[in-house]
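Residue numbers (the working numbering): 574 to 670.
This is the structure:
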């Protein structure tokens with residue numbers, strides 16, 4: 574049987590160092606630009622539904638001095654949270670663009 578020990582199967586230290594020093598040639602294509610992220614549709618739709626539900630339920634409510642009764646403040650917070658979700662998503666979309 575032939576002895577192939579004269580052909581090493583593992584690279585030597587200097588060969589490993591040479592492989593690390595390989596750089597891109599000028600004739601090669603540049604790497605593609607990073608993909609532009611889209612608006613998170615799930616969060617945006619959830620914010621719109623959340624806001625629409627809050628406004629729909631509040632349509633019949635009047636806000637006299639007893640606004641703190643029957644969860645009036647909670648509804649104001651629900652509407653504010655819906656608006657905050659929408660603004661957050663729109664700002665993210667503008668920041669990426």
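We put the beta carbon where it would ideally sit given N, CA and C, even for glycine. Because the structure is a prediction, the values reported are computed rather than measured.
Collapsing the DSSP output to three states places residue 664 in a helix. In terms of Cβ geometry, residue 668 and residue 627 do not form a close pair [threshold 7 Å].
Here residue 602 carries a coil assignment [DSSP, helix/strand/coil]. Look at residue 629 here: in three-state DSSP terms it is helix. Check the Cα spacing between residue 631 and each of 610, 646 and 620: the tightest is with 646. Around the beta carbon of residue 593, a 10 Å sphere encloses fewer than 16 other beta carbons of the protein chains shown; the residue is thus reported as exposed.
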